Amino acid sequence: MRNDHVTLRSTAVFDLLAPRTPAVPVKVELRYDTRDPYAVIAAFRTGKAGWVEWVFSRDLLADGLIAEAGDGDVRIRPAVDDPEVVVIELSSPSGHAVFEASAQELADFLDKTYDVVVPGNEHLWVDVDEALTHLISNDLS
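Heads up: the sequence shown begins at 20 in our numbering, then just goes up one per residue.
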């Protein structure tokens, strides 16, 4: 399976929320790559040429569609007042951002990832030798 590499891409618009101001729409590219089958990447458009990428587990996204999930830098949960909306909180040393996104769009993207790599079969896509080589070469730098 490792030779059948697939990358999925989906574009969405998340609403950036801030106190006492209208929501700001932000273009987001969701990516799933079989070379890292446990992860999802959300790339947020920050300006004309800028993108900020967040990597988090596919399981976190799935869990967050149903109930509050995450206890680190990424937290995902259904909106309290609207079951069609998911709240995504991102925290880093440089700041904190809260977004609202369409639960259906996220679920559709997640379903496409499941079509490519069935949950529980992620390990079949991991090249342990390549991962160890990468870790060792970075450790020696």
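Using N, Cα and C, we set each Cβ at its ideal position, and we do this for glycine too. These numbers come from a predicted model, not from an experiment.
Beta carbon of residue i nearer than 8 Å to that of residue j
i: L49; j: A42; result: no
i: A120; j: A62; result: no
i: L79; j: G66; result: no
i: A98; j: L109; result: no
i: V47; j: V135; result: no
i: A165; j: P102; result: No information on residue 165 is available, as it lies outside the stretch 20 to 160 that the chain covers here.
Alpha helix (DSSP H) segment containing residue i, residue limits
i: V135; result: 122 to 135
Residue closest to residue i, alpha-carbon to alpha-carbon, out of the options
i: S76; options: G91, G114, V59, D127; result: V59
i: W205; options: T152, R94, V74, R54; result: With the chain running from 20 to 160 in the structure shown, residue 205 is simply not present.
i: Y52; options: S113, L129, A122; result: The sequence given here has Asp at residue 52, not Tyr. When only C-alpha atoms are compared, the closest one is L129.
i: G91; options: V105, P112, P102, E103; result: P112
Enclosing beta strand (DSSP E) for residue i [first to last residue]
i: T26; result: 26 to 36
i: P44; result: 43 to 52
Strand pairing of residue i, partner residues [DSSP]
i: H115; result: S110
Q | Residue ranges of each alpha helix (DSSP H) within the stretch 58 to 108, 4 or longer | A | 77 to 85
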